[in-house]
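See below for the structure under consideration.
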Amino acid sequence: MGVEKITSKILDDAKKKADEIIKKAEEEANVILKNAEEEAEKRKNAILKKGEKEAEMTRNRIIAEAKLTAKRMILEEKENIIKAAIDKLREDLVKLPEKPEYKEILAKMIKNGAISLGGGELIVQLNERDMGLVEDEVLWKLEKEIEESTGRVTILKKGEPVKIIGGCIISTADGSKILNNSLEAVFERDMENIRAKVTEILF
């Protein structure tokens, strides 16, 4: 399940909002720097009697602190925007099972999970809704594809329904291996890539 499938519209809207917020933050940062430079000049003039070097050091320190404050402010705004975009993606994730392409996505998640476990006799757990969505014919077709990939005879059996948004949880028949391929688990496992993609698109 590519990030692009659930991000495009949300991230387009978020980018517009991000541009506005960052522009405002940069304007505020410029005001901070301008005020700092004015304050620095005042301080510099006030202590010129003590020596030009000390006055210049004081001026530079004030400006450096202002730049740090401005940079931190912009970074905080960017972090808030990234978090808001990821929260929106989580909300959209809940709606994914309602989309026409979800059945195909679910089949791929079952297949990939079963291949990761090496095939064999596997238990596939789905939520109540998806139990009816994945017919026996779908499982039979997936079994053949998994066997071709793993070289091992594979049997997929539906287990008890589980409370997940979507996707599946697959385990070996003896319970020794379990793979959580639910939508929410995959999303969290891929968080680093999702965050990087969001940051790349927004900024």
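According to my numbering, the sequence shown holds residues 1082 to 1284 in order. Think of the CB as a built atom: it goes at the ideal place given N, C-alpha and C, for glycine as much as any other residue.
With respect to the alpha helix (DSSP H) encompassing residue i, which residues constitute its N-terminal and C-terminal limits?
i            : result
residue 1231 : 1217 to 1231
residue 1240 : Premise fails: residue 1240 is in no alpha helix (DSSP H) and is neither H nor E.
residue 1194 : 1183 to 1197
residue 1279 : 1272 to 1283
residue 1209 : 1209 to 1214
Counting C-beta neighbours from all protein chains within 10 Å, is the total for residue i 16 or more, i.e. buried, or is it exposed?
i            : result
residue 1138 : exposed
residue 1083 : Note that residue 1083 has pLDDT 45, beneath the 50 cutoff, so the model's placement of it is unreliable and the number below is only indicative. That one is exposed.
residue 1123 : exposed
residue 1208 : buried
residue 1262 : buried
residue 1101 : exposed
residue 1215 : buried
residue 1277 : exposed
residue 1112 : exposed
Which residue wins for smallest C-alpha separation from residue i, given the options the options?
i            : options                : result
residue 1211 : 1228, 1225, 1118, 1248 : 1248
residue 1147 : 1116, 1258, 1185       : 1116
residue 1284 : 1204, 1158, 1246       : 1158
residue 1213 : 1242, 1171, 1223       : 1242
residue 1153 : 1244, 1168, 1109, 1101 : 1109
residue 1225 : 1202, 1245, 1177, 1206 : 1202
residue 1275 : 1229, 1112, 1239, 1168 : 1168
residue 1238 : 1255, 1162, 1186, 1171 : 1255
residue 1206 : 1185, 1240, 1161, 1244 : 1240
residue 1268 : 1181, 1190, 1160       : 1190
residue 1185 : 1222, 1273, 1166, 1229 : 1222
Near residue i, which residues of its chain fall below 6 Å by C-beta distance, leaving aside the five closest residues on each side in sequence?
i            : result
residue 1271 : none
residue 1252 : 1204, 1259
residue 1232 : none
First and last residue of the beta strand (DSSP E) that includes residue i?
i            : result
residue 1253 : 1248 to 1253
residue 1203 : 1202 to 1206
residue 1263 : 1259 to 1263
By Cβ distance, which residues of its chain are closer than 7 Å to residue i, with the 5 residues on each side in sequence left out?
i            : result
residue 1227 : 1192, 1195, 1196, 1200, 1235
residue 1219 : 1188
residue 1177 : 1087, 1183, 1247, 1264
residue 1118 : 1144
residue 1175 : 1246
residue 1280 : 1163
residue 1198 : 1251, 1253, 1258, 1260
Below 8 Å CB to CB, which residues in the same chain sit around residue i once its five sequence neighbours on both sides are set aside?
i            : result
residue 1114 : 1144, 1147, 1148, 1151
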